[in-house]
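K.L.:
What follows is a structure written as structure tokens; I'll ask about it next.
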Amino acid sequence: MTTPENWRKSSYSGSGDGNACVEVAHRPAHIAVRDSKTPARATLTFPAGAFAAFVQALKNDYPDVRTG
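Going letter by letter, the sequence shown gives residues 1303 to 1370 in this note's numbering.
Pasting the structure below:
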């Protein structure tokens, strides 16, 4: 897999330089995830549907946690 170019991180990434988070990049059939502190290291990829189900489960289990 080539490295995605459009990495995004949450607007709730924390104070300072916002490096206390993960970043995600959308590909046609997959979602790539990497650690914002070490972006050159390995990424994890998930099928888009599985990642969407994971995020929805987090929202259901932790309704007070904001995503964005």
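Note that CB positions come from ideal geometry on N, CA and C, so glycine has one too.
On a predicted model such as this, the values are computed, not experimentally measured, just so you know.
State the DSSP-derived secondary structure class of Lys1311, mapped to helix, strand or coil.
P.N.:
Strand, per DSSP.
K.L.:
Indicate the three-state DSSP secondary structure (helix, strand or coil) for Ala1327 in the structure shown.
P.N.:
Strand.
K.L.:
Please report the Cβ distance between His1332 and Ala1354, rounded to the nearest whole angstrom; I am assuming they are in contact, meaning their Cβ atoms lie under 8 Å.
P.N.:
With 8 Å as the limit, His1332 and Ala1354 do not qualify as a contact, their Cβ atoms being about 12 Å apart.
K.L.:
What does DSSP give as the partner residue(s) for Ala1342 in the beta ladder?
P.N.:
Answer is none; Ala1342 lacks a bridge partner.
K.L.:
Which of the three DSSP states, helix, strand or coil, is assigned to Asp1363?
P.N.:
Asp1363: helix per DSSP, three-state reduction.
K.L.:
Considering only the beta carbon of each residue, do Val1326 and Lys1311 sit closer than 9 Å?
P.N.:
Going by C-beta atoms, Val1326 is nearer than 9 Å to Lys1311.
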